[in-house]
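Q: Numbering (the numbering used here), first residue to last: 547 to 1116. Quick reminder that beta carbons are idealized off the backbone N, C-alpha and C, glycines included. Structure incoming, see below.
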């Protein structure tokens, strides 16, 4: 069974899951106010997200999947172990919202496909489920079944977790079922806690953000403060980590694995561990031997470095809370002693010494920041979220632009939209003065569409020198904006794309008064000869004595000299 569990896909009925139906005009708004994720991504039947519910102090009550079944109608799928806490929580915050809560656990059942994690050649490449998954997906054509309030959707935590189906209970669907224990063993192997295992935990320590269950860009929700503070200002010192349990009698294997650092389960050096996990030797009924709360120790030490949360039934794996200082490399140092200790070795035992514990990174984990314990590749926007944010933002901007045009037929100052890109920690570049790619395809589309809604795009000369941008709308339909460059001393070079590329508009350059400076006059003539429009503006002096273009006067001058002239055709 153990080898088959990881090598093949299957379907399991999850009898321990409960279902709550929400419907009404305020159903989405109700969930949005209390869940860690962003309900704005759930916009059509079949859309789903994963998230958690928090106490006012930011501790987890439980997790759930939310899937839309009809307009203003959603199913919340959650673990029965947290039913009482979640129902009490939901009813407390329902208030006067137009939403009805109705239990559907007796009418509908939850099924999950289990994608194969190990290919036949023992490589940990993702294996697309075939027959069993196809069977479940074919149920999508059973209109009569789905009309009773069910849904079929990709597990929102990621492709490794397969597909989930919510279907009428009591029906026979004509295929062999795996038991729920097989599902639990698989998710423990993947490093995902559920239900009661999460109770009173902190979302980031419980890996909720790695499982696409936390949005750091939505508005306020109950318990948000601790999660946001940890993400933006704090550090994550411990996390839920999956680990393999090797019986103490396998000394040769233990010796090999003890010499390795913490790494991904699909790493070449962990081939011996993968071979063990698909062998009969891994079928040790670890949960009967390693109890919840058991301590993990370093050899020769009585001090605990972690605590077992849960263990597999027929797969020798467990999920534990481990302090990252015992797993991650230390910060770089030039000393030989620190270099030798840079990567801790995986030398852990369970309390009593029955098992050697080998923590590993699931294949779906992103990279870890050694200094903070947070992930470099946190998923903030998935494609649906990005599209939703793009559509919403563009609609607002288009409305404001039109309103500005209607209200001001001859403005002295323009309508301005400020746009910028930043990383999750608020940085706009990795190295000062060097360009850093922060935008994805959706944000590029939004940025270029915004350009088509505006007559001009304003940048500083520093941006031109560092990035040499085209400042056109090549990723959207519409006309290009007029590039405007703030350049006090006319440092803008003639070799930039705005002068050399036929796909770019010629720039307007706002500079200091050039009348009394022969060098500025020479540069001005050269720029105008290349096609630029140069406008003299007032300047201000900063605390260090440096001169800068007065931005208000510069923008006003641009409006009078350029925007009021017929320089653009639509």
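Cβ of residue 582 within 8 Å of Cβ of residue 749?
A: yes
Q: Just to confirm the assignment: which complete beta strand (DSSP E) runs, minimum length 3, are found wholly within the segment 1050-1101?
A: 1054-1058, 1079-1083, 1085-1087, 1093-1095
Q: Tell me where the beta strand (DSSP E) around residue 824 begins and ends.
A: Taken as a continuous stretch (DSSP letters only), residue 824 belongs to no beta strand (DSSP E), as it is neither H nor E.
Q: Check whether the segment 604-617 touches the segment 626-633, counting contact only when three or more Cβ pairs, one atom from each stretch, lie closer than 8 Å.
A: Verdict: yes, contact present.
Q: Beta-carbon within less than 7 Å of residue 850's beta-carbon, same chain only, minus the 5 sequence neighbours each way: which residues are those?
A: Counting only Cβ-Cβ distances below 7 Å, and skipping sequence neighbours, we find 841, 842, 843.
Q: If I measure Cβ to Cβ from residue 991 and keep anything under 8 Å in the same chain, skipping five residues before and after, which residues do I get?
A: 936, 1021, 1022
Q: Name the DSSP bridge partner or partners of residue 610?
A: 597, 624
Q: Tell me the rounded alpha-carbon separation between residue 994 and residue 1037.
A: 26 Å
Q: Note the first and the last residue of the continuous beta strand (DSSP E) segment covering residue 568.
A: 563-569 is the extent of the beta strand (DSSP E) around residue 568.
Q: Can you give me the Cβ contacts of residue 727 inside the same chain, cut-off strictly under 8 Å, excluding the 5 residues immediately before and after it?
A: 859, 860
Q: Could you check if residue 1097 is buried or exposed, using at least 16 other CB atoms within 10 Å of its CB as the buried criterion?
A: exposed
Q: Cα separation between residue 808 and residue 854?
A: Approximately 17 Å, taken between the alpha carbons.
Q: Give the DSSP-derived three-state secondary structure of residue 816 in the structure shown.
A: helix
Q: Hey, could you find the ends of the beta strand (DSSP E) residue 869 is sitting in?
A: 863-869
Q: So residue 498 and residue 654 are in contact, right, with Cβ under 8 Å, and what is the actual spacing, rounded?
A: The shown model of the chain, from 547 to 1116, leaves out residue 498, and the question about it has no answer.
Q: Following the continuous beta strand (DSSP E) through residue 1031, name the residue where it begins and the one where it ends.
A: 1028-1032
Q: Look up residue 788 in the DSSP assignment and give the residues it is bridged to.
A: 865
Q: What residue range does the beta strand (DSSP E) around residue 1008 cover?
A: Unbroken run through residue 1008 is the alpha helix (DSSP H), 1007-1013; no beta strand (DSSP E).
Q: On a Cα-Cα basis, can you pick out the residue from 698, 558, 580, 894 that is closest to residue 591?
A: 698
Q: Taking 7 Å as the line, does the beta carbon of residue 947 fall inside it for any heavy atom of the ligand FAD?
A: Although the ligand FAD was asked about, the structure shown includes no ligands whatsoever.
Q: By the three-class DSSP mapping on this structure, what secondary structure does residue 810 have?
A: For residue 810, the three-state secondary structure derived from DSSP is strand.
Q: Is it buried or exposed, residue 1067, if we count other Cβ atoms within 10 angstroms and call 16 or more buried?
A: exposed
Q: From the DSSP output, in three-state form, read off residue 780 for me.
A: coil
Q: Thinking C-alpha only, which one of 723, 660, 600, 594 is nearest residue 559?
A: When only C-alpha atoms are compared, the closest one is 723.
Q: Taking C-alpha atoms, which residue in 759, 746, 584 lies nearest to residue 596?
A: Considering only alpha carbons, the answer is 759.
Q: Is there contact between the segment 612-629 and the segment 790-797, where contact requires at least three CB pairs shorter than 8 Å?
A: no
Q: Taking 8 Å as the cut-off, decide whether the C-beta atoms of residue 814 and residue 799 are in contact.
A: no
Q: If we ignore side chains and look at the alpha-carbon of each, how far apart do residue 1015 and residue 820 end up?
A: Distance from the CA of residue 1015 to the CA of residue 820, rounded to the nearest whole angstrom, comes to 48 Å.
Q: How is residue 1118 classed by DSSP in three states: helix, strand or coil?
A: What the structure shows of the chain is the stretch from 547 to 1116, and residue 1118 is not part of that stretch, so it cannot be assessed.
Q: Please report the straight-line C-alpha distance between residue 871 and residue 1069, rounded to a whole angstrom.
A: 57 Å
Q: Quick one: what's got a C-beta closer than 8 Å to residue 943's C-beta in the same chain, skipping five residues either side?
A: 963, 996, 999
Q: By Cβ distance, which residues of its chain are closer than 7 Å to residue 828, with the 5 residues on each side in sequence left out?
A: Hits under 7 Å: 548, 822, 861, 862.
Q: What residue range does the beta strand (DSSP E) around residue 712 cover?
A: 709-714
Q: Please name the residue in 952, 641, 947, 1005 whose C-alpha comes closest to that of residue 966.
A: 1005
Q: What residue from 902, 713, 772 has the CA that sits closest to residue 801's CA?
A: 902
Q: Tell whether a beta-carbon distance below 8 Å holds between residue 1095 and residue 1079.
A: no
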